[in-house]
Amino acid sequence: MRLNLCVCVVGVCLRTSSECVCVCVCVFVCVCMYICVCVLMWAVFVRLLIFVCVCVCVCVCVCVCVCEAACAYVIVLMAVYWCTEVLPLSVTALLPTLLFPMMGIMTSKDVCMQYLKDTNMLFVGGLIVAVAVEHWNLHKRIALRVLLIVGVRPALLMLGFMGVTAFLSMWISNTATTAMMVPIALAVLEQLNGPPCVPAGGGPAEEPPAPPKEKAGHGLRALPMSLPVENGCGQLEMEELSGEEEEEERRRMCKGLLLCVCYSASIGGIATLTGTGPNLVFMGQLKQLFPQSGDVINFASWFAFAFPTMILMLTLAWFWLQFVFIGFNLRKTWGCGAADTEKSRAAYETIREEHGRLGPMRYGEMSVLVLFVLLVALWFTRDPRFIDGWATHAFNSQAEFVTDATAALFVAVLLFVLPSEPPHFLCFWRRADPGSKTVHTLAPPLLTWEVTQKKMPWNIVLLLGGGFALAKGSEESGLSRWLGDQMMPLHSIPPWAIVIVLCLLIATFTECASNVATATLFLPILASMSIGVNPLYIMVPCTLSASFAFMLPVATPPNAIVFSSGYLKVSDMAKTGIVMNIVGILCITLAINSWGRLLFDLDTFPAWANATTTV
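Numbering-wise (this note's numbering), the sequence shown opens with residue 4 and increments by one.
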């Protein structure tokens with residue numbers, strides 16, 4: 004009855020079907036126009052509001068003439084901009100060059116000098132070497148070779164991927180490492196589980212996955228379940244259930260292998276000073292805030308502390324991911340007592356074919372490998388602390404003339420000088436054709452500036468500079484001293500408890516902001532909290548925590564790369580990542596209170612911590 008009434012009303016209002024169509028189209032167009040106008044107006048409103056807030060706050064700070072408040076305003080403003088990304092991160096990092104001179108905190112000359120310090124050059128030199136490694140596919144050769152060694156048993160395969168990814172992330176970009184390893188992982192999974200599988204609701208969707216269907220380039224396909232049935236319907240139901248369980252097991256394997264790649268990329272970066280941005284931010288701000296600290300943190304001392312921490316955390320992460328996604332069935336995951344299957348042999352052959360496509364190692368690859376090993380050796384032996392290094396004997400007897408940046412730039416320059424092909428006089432064993440008229444041209448160098456310019460992340464250099472400018476501004480304005488006075492009540496709390504709370508805070512904050520921006524914002528404040536405590540005891544754990552972005556796809560580029568493959572849901576990363584954050588903080592707490600205490604002599608308050616204006 005109600006339906007008939009509705010039909011009558013509609014019939015009265017709209018006499019013809021053409022009128023109905025016209026009205027529907029008009030309504031749809033109006034709604035779309037309204038949405039577009041709202042979106043455009045909102046974008047304009049947000050940008051206008053940002054501009055007005057900047058102008059108003061600058062005027063207020065200039066009129067009040069309180070340097071501490073003005074510097075605090077700049078820090079808060081940059082924190083909001085970095086979190087919301089209303090401006091590009093590197094553009095936000097340039098704000099101190101505009102605001103500090105206008106507010107009378109620092110001169111323009113002094114601010115600009117913070118953007119190209121020794122730490123920035125260390126970063127540039129290390130990245131140039133990393134670009135050469137990527138350019139010659141040396142990282143891919145290493146990765147495939149290790150995977151051929153560990154095999155394709157699920158547990159060992161995951162261990163191999165995690166070990167290779169973590170090792171490569173120590174030296175090259177976490178993002179580049181993940182981008183290289185994910186296609187290899189997908190190719191291996193395709194051979195292990197059959198051609199392409201069904202993504203388990205990838206993207207932001209949180210609903211259960213749709214019934215299995217083939218999708219080009221993604222995932223694993225369910226095996227056909229049309230097996231012979233001898234015992235009626237009961238046997239068929241058992242076979243269908245077994246097929247569903249097998250498909251779920253494959254999806255879990257996909258998720259576990261992809262997550263292990265992005266997690267190990269973030270974990271591996273903490274092991275070296277040049278492995279990830281927060282480490283360099285810490286080194287630069289330590290020298291900025293505590294000028295008398297000298298060479299207390301260099302490549303060798305950081306590696307001695309962070310590498311065991313990385314190994315411990317990587318091992319625990321492997322156990323956790325294996326427990327969640329694979330299980331501890333010795334026969335299935337480790338292959339104990341099991342014969343090689345056709346799929347495992349096919350997966351192994353896939354890795355072998357990829358390795359074979361690289362061909363024999365060329366002269367250029369060998370040269371880059373030698374230079375890479377040379378750089379690592381120079382870093383480790385420059386000042387190993389337990390003995391005098393080569394820099395102390397040759398250059399640094401009077402002052403610290405040579406730093407880790409010097410070694411990095413020395414090797415980086417060699418990459419643009421040495422040829423990518425063996426010189427003619429070294430090819431004496433090759434017999435030239437008597438009738439040939441070969442013209443020997445100059446071989447191109449191992450690395451060209453065009454390649455470097457395309458692959459170099461220059462925005463990180465500006466981010467580092469912005470952090471150093473903020474630290475210097477906090478010192479010059481007196482904000483650091485004021486923060487130190489406000490933190491006096493925390494002196495009664497045990498330092499280890501403060502460290503745990505701060506690590507939790509930073510690990511949470513870095514899920515929403517760039518890890519470099521997080522370290523840049525927090526480290527000057529943390530230095531002010533080091534009242535009667537060695538600053539390294541607080542700053543080192545918090546620096547490592549800035550790299551623990553495991554929960555959200557937007558937290559770090561490796562997470563986004565893995566999430567974009569379509570196999571993961573946000574809930575998968577969140578449930579696994581929250582445990583990873585807790586495990587990481589526990590590992591850091593153990594490290595800083597055990598071998599870190601001995602390595603950095605944390606039981607004593609160093610004299611260099613007093614030689615600063617921050618406390």
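From the three backbone atoms N, C-alpha and C, an ideal C-beta is built for every residue, glycine too.
Excluding sequence positions up to five before and after residue 171, its CB lies within less than 6 Å of the CB of 142 and 180, all in the same chain and listed in chain order. Taking each of 590, 478 and 462 in turn and checking the Cα distance to residue 109, the smallest one comes out for 478. Taking C-beta separations shorter than 7 Å and ignoring five residues to either side along the sequence, the partners of residue 535 in its chain run 494 and 608, following chain order. In the DSSP assignment, the residues bridged to residue 448 are 422. Taking the Cα of residue 289 as reference, the smallest distance to any Cα among 540, 568 and 557 is reached at 540. Cα atoms of residue 296 and residue 611: separation of roughly 5 Å, rounded to the nearest angstrom. Within the region 470 to 499, complete alpha helix (DSSP H) segments of at least 4 residues are found at 482 to 489, given in chain order. Contact between residue 292 and residue 565 fails: their C-beta atoms lie close to 36 Å from each other, not under 8 Å.
Scanning its chain for C-beta atoms nearer than 8 Å, with the 5 sequence neighbours on each side dropped, one finds around residue 323 the residues 579, 582, 583 and 586, in chain order. In the pairwise beta carbon analysis, the region 448 to 464 is classified as touching the region 417 to 427: at least three pairs are separated by under 8 Å. Between residue 279 and residue 129, the C-beta gap is not smaller than 9 Å, which leaves the two residues out of contact. By the Cβ-count criterion, residue 606 is exposed, with fewer than 16 other Cβ atoms from all chains shown falling within 10 Å of its own Cβ. Only buried fits residue 117, as 16 or more other CB atoms lie within 10 angstroms of its CB. Secondary structure at residue 514: coil, using DSSP grouped into helix, strand and coil.
Taking the C-beta atoms as reference points, residue 191 is found no nearer than 9 Å to residue 159.
The C-alpha of residue 313 is placed about 25 Å away from the C-alpha of residue 390.
In this structure, residue 267 sits near residue 317, with a CB-CB distance shorter than 9 Å. Of all alpha-carbon atoms in 189, 469, 553 and 387, the one lying nearest the alpha-carbon of residue 514 is that of 553. Per DSSP, residue 374 is one residue of the alpha helix (DSSP H) stretching across 366 to 385. The three-state secondary structure of residue 76, taken from DSSP, is helix.
Just so you know, the alpha carbons of residue 367 and residue 269 end up roughly 29 Å apart. Contact between residue 132 and residue 378 holds, with the beta-carbon distance rounding to 6 Å and staying under 8 Å. Excluding its 5 nearest sequence neighbours in each direction, residue 475 has C-beta neighbours in its own chain below 8 Å: 109, 113, 114, 117 and 291, listed in chain order.
When rounded, the separation of the alpha-carbon atoms in residue 106 and residue 372 is 50 Å. With 16 or more other CB atoms across the displayed protein chains lying within 10 angstroms of its CB, residue 561 is buried. Contact holds between the region 77 to 85 and the region 515 to 530, because three or more Cβ pairs, one in each stretch, are under 8 Å apart. Here residue 279 carries a coil assignment [DSSP, helix/strand/coil].
Residue 547 is positioned such that its CB atom lies closer than 9 Å to that of residue 591. Less than 9 Å divides the Cβ of residue 111 from the Cβ of residue 104. Relative to the Cα of residue 164, the nearest Cα in the group 531, 148 and 509 belongs to 148. Short of 7 Å from the beta carbon of residue 455, and not among the five residues preceding or following it, lie these beta carbons of its own chain, in chain order: 131 and 134.
In this structure, the CA atom of residue 273 is about 24 Å from the CA atom of residue 405.
Excluding five sequence positions before and after residue 480, the CB atoms of its chain that fall closer than 6 Å to its own CB belong to 70, 71, 74 and 108, given in chain order. Straight-line measurement puts the Cα of residue 308 at about 27 Å from the Cα of residue 397. Contact between residue 519 and residue 465 does not hold, since the beta-carbon distance rounds to 10 Å and is not under 8 Å. Contiguous alpha helix (DSSP H) elements confined to the region 145 to 177 occur at 157 to 172, taking only those with 4 or more residues.
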